[in-house]
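Yeah, the sequence shown ends on 362 if you go by full-length UniProt numbering, and it's all consecutive.
Beta carbons are placed, not taken as given, at the ideal position from N, Cα and C, and that holds for glycine.
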Amino acid sequence: MPHQVKAVVARSKGAPVSVESINVPDPGPGEALVQVQACGVCHTDLHYREGGINDDYPFLLGHEASGVVEAVGEGVTGLEPGDFVVLNWRAVCGNCRACLRGEPWYCFSTFNATQKMTLEDGTELSPALGIGAFAEKTLVAAGQCTKVDPSARPAAVGLLGCGVMAGLGAAINTGGVTRGKSVAVIGCGGVGVAAIAGSVLAGASTVIAVDIDDRKLEGARKMGATHTVNSTSQDPVTAIQELTGGHGADVVIDAVGRPETWKQAFYARDLAGTVVLVGVPTPDMKIPDIPLIDVFGRGGALKSSWYGDCLPTRDFPLLVDLYQQGRLDLDAFVTEEIALDEVEAAFEKMHHGNVLRSVVIF
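Here it is, written out as structure tokens:
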């Protein structure tokens with residue numbers, strides 16, 4: 001029997017979201033029904049509302065979530081009702097060429113629920129990143145549920161489901177930050193600050209935060225940045241080079257995702273250094289005009305980071321354990337806790353840059 005619940009829906013491009021009743025099916029084979037406890041308001045949800053992902057309206061928004069499994073479908077193993085889980089949007093298949101070569105974090109055939117959640121009139125909803133967690137309950141593939149310590153704060157650990165994991169993983173998994181390396185992070189929103197936290201966790205000796213907003217730079221310093229650069233008053237490439245003995249940083253992470261910030265990252269790294277793109281560009285953006293000889297002459301690596309190149313079953317429990325031990329301050333990412341009908345207002349706050357994460361609490 002379908003479950004009727006309240007949820008946040010984006011019906012058309014740019015229109016304010018609305019709280020509506022939706023129908024959520026009982027789980028079928030390989031699926032799980034999750035009672036959502038908390039869900040962060042991520043910039044990706046705003047991208048969906050604005051048509052920046054695709055135009056498969058109406059969207060069921062929300063994807064950065066934690067909750068409790070209410071029911072599982074036929075054939076599901078290792079997951080049962082009552083399990084506390086963080087939801088992920090890369091449930092690996094285990095059979096594609098990436099999985100078979102031992103790189104499941106690149107899985108090319110990730111799973112989502114087969115059944116569709118719908119509006120009351122039967123209109124099928126497109127769940128954001130295959131999750132749709134601005135809802136009292138949601139239906140996902142069982143592999144999208146990662147069990148973690150049930151005593152952890154839902155609002156904090158749910159953020160591992162997207163932005164925090166993307167930033168931490170960009171530093172540790174993609175960038176390969178280790179003890180003693182120098183790191184620069186361009187853009188100090190939620191993902192950028194998470195990259196700073198990941199760099200500190202990995203033992204980086206120099207962590208440089210770059211942004212245009214002094215409030216964000218102060219937040220980055222609280223998360224462990226050793227230096228800050230306001231790029232409205234300083235050239236970030238020159239500043240990063242000066243702070244690293246004239247060489248440039250070993251790893252530069254672009255958490256903005258614009259041609260100009262990627263170019264800054266390219267020239268701000270040391271010889272044989274690594275550039276990591278984790279900020280999401282829009283489809284119209286192009287790689288900036290950089291002489292090919294500069295690409296050759298600098299060596300190193302130019303990487304993009306998909307979801308922080310994470311493996312949820314490996315990374316989520318580990319990071320939750322570090323949080324519980326007081327070694328990773330996930331609480332610092334939760335700026336405010338809000339109700340379901342405050343999501344539209346949370347989108348507006350994003351434009352003002354005074355929140356890391358608003359988190360819907362159910």
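At 3 residues or longer, and completely inside the segment 295 to 342: list those beta strand (DSSP E) runs for me, N to C. Counting only runs of 3 or more, we get 301 to 304 and 336 to 338.
Quick check: Leu-60 and Gly-163, are their CB atoms within less than 8 Å of each other? Not a contact, by the Cβ cut-off of 8 Å.
Would you decide whether Ala-345 is buried or exposed? Buried here means 16 or more other CB atoms lie within 10 Å of its CB. Ala-345 should be labelled exposed.
Starting from the C-beta of Asp-270, find all residues in its chain whose C-beta is less than 6 Å away, skip the five residues before and the five after it, and write them out in chain order. The residues His-247, Gly-248 and Asp-250, in chain order, have a CB closer than 6 Å to that of Asp-270 in the same chain once the five nearest residues on each side in sequence are set aside.
By a C-beta neighbour count over all protein chains shown, 10 Å radius and 16 as the cutoff for buried, is Pro-58 buried or exposed? The residue is buried, with at least 16 neighbouring Cβ atoms inside 10 Å.
Residue range of the alpha helix (DSSP H) that includes Asp-254: Run containing Asp-254: none in the alpha helix (DSSP H); it sits in the beta strand (DSSP E), 249 to 254.
Can you tell me the Cα-Cα spacing of Thr-44 and Glu-348, whole angstroms? Looking at the two C-alpha atoms, the distance is approximately 14 Å.
Buried or exposed by the 16-neighbour rule on C-beta atoms within 10 Å, applied to Val-148: Counting C-beta atoms within 10 angstroms of its own C-beta, Val-148 has 16 or more neighbours from the protein chains shown and is therefore classed as buried.
How do the segment 262 to 278 and the segment 225 to 245 stand: do at least 3 beta-carbon pairs fall below 8 Å, yes or no? The segment 262 to 278, when compared against the segment 225 to 245, does touch it at the 8 Å Cβ threshold.
Alpha-carbon to alpha-carbon, Trp-105 and Leu-168: Distance between the alpha carbons of Leu-168 and Trp-105: 14 Å.
Given this structure, state the Cα-to-Cα distance separating Thr-232 from Ser-358, to the nearest angstrom. Straight-line Cα distance between these residues: approximately 27 Å.
Taking 7 Å as the cut-off, does the CB of Ala-38 come closer than this to any heavy atom belonging to the ligand ATP? Looking for the ligand ATP in the displayed structure turns up nothing, as the structure carries no ligands at all.
Quick test of your reading: Pro-312 and Lys-286, contact by CB under 8 Å. State the CB separation rounded to the nearest angstrom. So it is not a contact: roughly 32 Å between Cβ atoms.
Short Cβ contact (8 Å threshold) for Gly-73 with Pro-29: Taking 8 Å as the cut-off, the beta carbon of Gly-73 is found closer than this to the beta carbon of Pro-29.
Taking the alpha carbon of Thr-335 as the reference point, which residue from Ser-304, Lys-216 and His-227 has its own alpha carbon closest? Closest in alpha carbon position to Thr-335, among Ser-304, Lys-216 and His-227, is Lys-216.
Span of the alpha helix (DSSP H) around Glu-242: Where Glu-242 is concerned, the enclosing alpha helix (DSSP H) stretches over 236 to 242.
Nearest CA to the CA of Lys-137: which residue from Gly-161, Val-36, Phe-333 and Val-295? Residue Val-36 is the option with its Cα nearest to Lys-137.
Let me know the secondary structure DSSP gives Lys-147 once reduced to three states. It is a strand residue.
Once DSSP output is grouped into helix, strand and coil, what is the label at Cys-39? If DSSP states are grouped into helix, strand and coil, Cys-39 belongs with the strands.
Let's test the definition: count the other Cβ atoms within 10 Å of the Cβ of Gln-264 and tell me whether it reaches 16, buried, or not, exposed. Buried is the label assigned to Gln-264, since at least 16 other Cβ atoms lie within 10 Å of its Cβ.
Count Cβ pairs between the segment 67 to 86 and the segment 44 to 56 that sit closer than 8 Å; are there 3 or more? Flag = no, the segment 67 to 86 and the segment 44 to 56 do not touch.
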